[in-house]
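Numbering (my numbering), first residue to last: 2 to 273. Virtual Cβ for every residue (Gly too), placed ideally from N, Cα, C. Quantities reported herein were computed from a predicted structural model and do not represent experimental measurements.
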Amino acid sequence: MRLGIALPLDFDTEPTNDVFSKGASLAETHGFDSVWFFDSLGRKRLSFDPLIGASVAAAATRHIEVGIGILQIPIRNPYELANRVLTAHLICEGRLTLGVGSGSTRIDFEAVGKNFNERMSLLRDGLEIMKKLWRGEEVNGIDLCPASVTLGGPSIVIGSWAGPKWINSAAGNYDGWIASAYFSGFDTLKNGIKQYKEAGGKRAIVTNISLAFDSRSEPLQDSDNSFHLMCEPEIASERLEKLKNIGFDDAIVVYRGSDPIDLKKIRSLVGK
2 MRLGIALPLD FDTEPTNDVF SKGASLAETH GFDSVWFFDS LGRKRLSFDP
52 LIGASVAAAA TRHIEVGIGI LQIPIRNPYE LANRVLTAHL ICEGRLTLGV
102 GSGSTRIDFE AVGKNFNERM SLLRDGLEIM KKLWRGEEVN GIDLCPASVT
152 LGGPSIVIGS WAGPKWINSA AGNYDGWIAS AYFSGFDTLK NGIKQYKEAG
202 GKRAIVTNIS LAFDSRSEPL QDSDNSFHLM CEPEIASERL EKLKNIGFDD
252 AIVVYRGSDP IDLKKIRSLV GK
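What follows is the structure, given as structure tokens:
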């Protein structure tokens, strides 16, 4: 199983101007397979532009994968967003993995004047426009003229809950599926990956896995609302092995501990 980590490495510390470059470089040095950026807006907490973060991380590293999970297509203009993605794709030199989704938080839509109830159609229509523009096609008189090295756009993976519509679409039309561990217990993840694989899906990723070694260890119940690694390292390794055994290829952790982050210890949870 591949192991990735969310940036910034510490969400509770006041950020500095090297928060992404330093974090990505440290993750690469410690052998992580990927670094990831989240997307939110207006949720009464500090948040960052994921495409800018990904570009900075890529410029500071040489080979690590740079992912965004999940970019909310419906709260943005698809033409402008398609152009920004092409720019990030160029800077990332082919290492960008773009996780996209409909969004699930109403306040993000209210912040930009978008209709939350139309998010599914906005995602579908926005993706179609963006993919055409990335292929060099003209859409409603707009042609982004993508550079040859960015033609076709980045690898796209669909982020969704364990429902049939978008999981099947991820399996049949895109490069992978991203499940969130934040509101999904092990049973839910197991059901989702089963459906995804039966539909012919390939790469499967679990993101937003909270991790803290300074937390009190408790048995992981299949009925838990969130799959997490708030436990001792040995138990965390066992939990990640469970994800691997049911078919997930990547686990993306988010450090939530109060102790200074220990990247070496986190990386050792999954063998190379």
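Residues that residue i bridges to, as DSSP identifies them
i: L1; result: In the structure as shown, the chain starts at 2 and stops at 273, and residue 1 therefore has no counterpart that could be examined.
i: G160; result: I179
i: F38; result: I69
i: L230; result: L212
i: I143; result: V140
Residue interval of the alpha helix (DSSP H) (run including residue i)
i: A60; result: 51 to 60
i: W167; result: 165 to 174
i: V86; result: 79 to 92
i: V20; result: 20 to 30
i: I194; result: 187 to 199
i: I267; result: 264 to 268
Terminal residues of the beta strand (DSSP E) in which residue i lies
i: R3; result: 3 to 7
i: L212; result: 205 to 212
i: I253; result: 251 to 256
Contact set for residue i: own chain, Cβ-Cβ below 7 angstroms, skip 5 residues either direction
i: R85; result: L52
i: P16; result: P9
i: P147; result: L87, W135, G137
i: G153; result: W135, R136
i: I108; result: G43, R44
i: T151; result: L87, H90, L91
i: I76; result: L42, G104, D109, F110, V113, K115
Contact set for residue i: own chain, Cβ-Cβ below 8 angstroms, skip 5 residues either direction
i: S224; result: With a pLDDT of only 48 at S224, under 50, the local geometry of the prediction cannot be trusted, and the value read off the model is given with reservation. Around S224: G186, D188.
i: P234; result: F214, K266, S269, L270
i: D263; result: F214
Close-in-space but distant-in-sequence residues of the same chain around residue i (CB under 6 angstroms, 5 per side omitted)
i: A58; result: F21, A25, V36, V67
i: D13; result: none
i: E81; result: none
Contact test: residue i Cβ vs the ligand SAM heavy atom, cutoff 6 angstroms
i: D50; result: No copy of the ligand SAM occurs in the structure displayed, which carries no ligand at all.
For this session: Ignoring anything shorter than 4 residues or poking outside the stretch 107 to 139, list the alpha helix (DSSP H) runs there in chain order.
Result: Counting only runs of 4 or more, we get 107 to 113, 120 to 135.
For this session: Specify whether the stretch 147 to 165 and the stretch 40 to 56 touch according to this definition: at least 3 beta carbon pairs, one from each stretch, less than 8 angstroms apart.
Result: Touching, no.
Problem set entry | Validate contact between the stretch 90 to 102 and the stretch 15 to 30 using beta carbons, cut 8 angstroms, 3 pairs | With a cut-off of 8 angstroms, the stretch 15 to 30 and the stretch 90 to 102 do not count as touching, because too few Cβ pairs lie within range.
Problem set entry | Any 3 or more C-beta pairs closer than 8 angstroms across the stretch 58 to 68 and the stretch 118 to 125 | Touching, no.
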